[in-house]
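Position 136 (the sequence shown) corresponds to 136 in full-length UniProt numbering; numbering is contiguous. For each residue, glycine too, the CB sits at the ideal point set by N, CA and C.
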Amino acid sequence: MASVTLKGNPVQLEGKLLEVGAKAPEFNGTAKDLSTKSLKDYNGKVKILVSVPSLDTSVCAMETKKFHERAAKLDGIVTLVVSGDLPFAMNRFCTMEGLDSPNLVTLSQFRDFSFSKAYGTHIADGGLQGLSARAVFVVDKNDTVQYVELVPEIASEPNYEAAIGAAKKLV
Numbered sequence: 001m002a003s004v005t006l007k008g009n010p011v012q013l014e015g016k017l018l019e020v021g022a023k024a025p026e027f028n029g030t031a032k033d034l035s036t037k038s039l040k041d042y043n044g045k046v047k048i049l050v051s052v053p054s055l056d057t058s059v060c061a062m063e064t065k066k067f068h069e070r071a072a073k074l075d076g077i078v079t080l081v082v083s084g085d086l087p088f089a090m091n092r093f094c095t096m097e098g099l100d101s102p103n104l105v106t107l108s109q110f111r112d113f114s115f116s117k118a119y120g121t122h123i124a125d126g127g128l129q130g131l132s133a134r135a136v137f138v139v140d141k142n143d144t145v146q147y148v149e150l151v152p153e154i155a156s157e158p159n160y161e162a163a164i165g166a167a168k169k170l171v
């Protein structure tokens, strides 16, 4: 069981964090239009999988905007942002922020925690229990994990350059 911190306080995660070289597990998430999406819906593309607790927090909002700005315009790469937000809130956030690229998809775990549990980011205790820790996974066209970053402090941003650089090498 991995752990991270939230403002310096330890937070336990459920499951085992995926490692580079692992086969990316299938998962389900709910899109803004309430449809169910899964990893297989993005076959043949390089995928940047971004897990965040909630788009209603400043760091998660900033992270999503930065991935939109830096990665959503890259051909052959799709960025999937998975959070605990309701699809309606995710849609409102994307509309208000002008995040309209088809290469940036927000997915909710409100029905199904298969992403955070399979990828090892499910928060097991504390005030954010049931949400996902901040992490980034880059998955190649064959669904093999090529990059993993579990951000040690939930209130901190990931290494955008490293994640996007890893994805660009796979296109």
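Span of the beta strand (DSSP E), counted from its first residue to its last, around residue i
i: G98; result: Taken as a continuous stretch (DSSP letters only), G98 belongs to no beta strand (DSSP E), as it is neither H nor E.
i: S38; result: T36 to S38
i: S3; result: S3 to L6
The alpha helix (DSSP H) enclosing residue i, as first and last residue numbers
i: S116; result: S114 to Y119
i: I164; result: Y160 to K168
Identity of the residues DSSP links to residue i by a beta bridge
i: F137; result: L49 and V148
i: H122; result: E14 and S132
i: T57; result: According to DSSP, which records beta bridges pairwise, T57 is partnered with nothing at all.
i: I77; result: V46
i: V82; result: S51 and L107
i: E153; result: T5
Residue i - DSSP class collapsed to helix/strand/coil
i: N28; result: strand
i: S108; result: strand
i: K23; result: strand
i: N142; result: coil
i: E63; result: helix
i: E69; result: helix
i: P87; result: helix
Proximity below 8 Å, CB of residue i to CB of residue j
i: F115; j: V82; result: yes
i: T5; j: I154; result: yes
i: V138; j: A163; result: yes
i: G21; j: T144; result: yes
i: V50; j: K141; result: no
i: A135; j: P87; result: no
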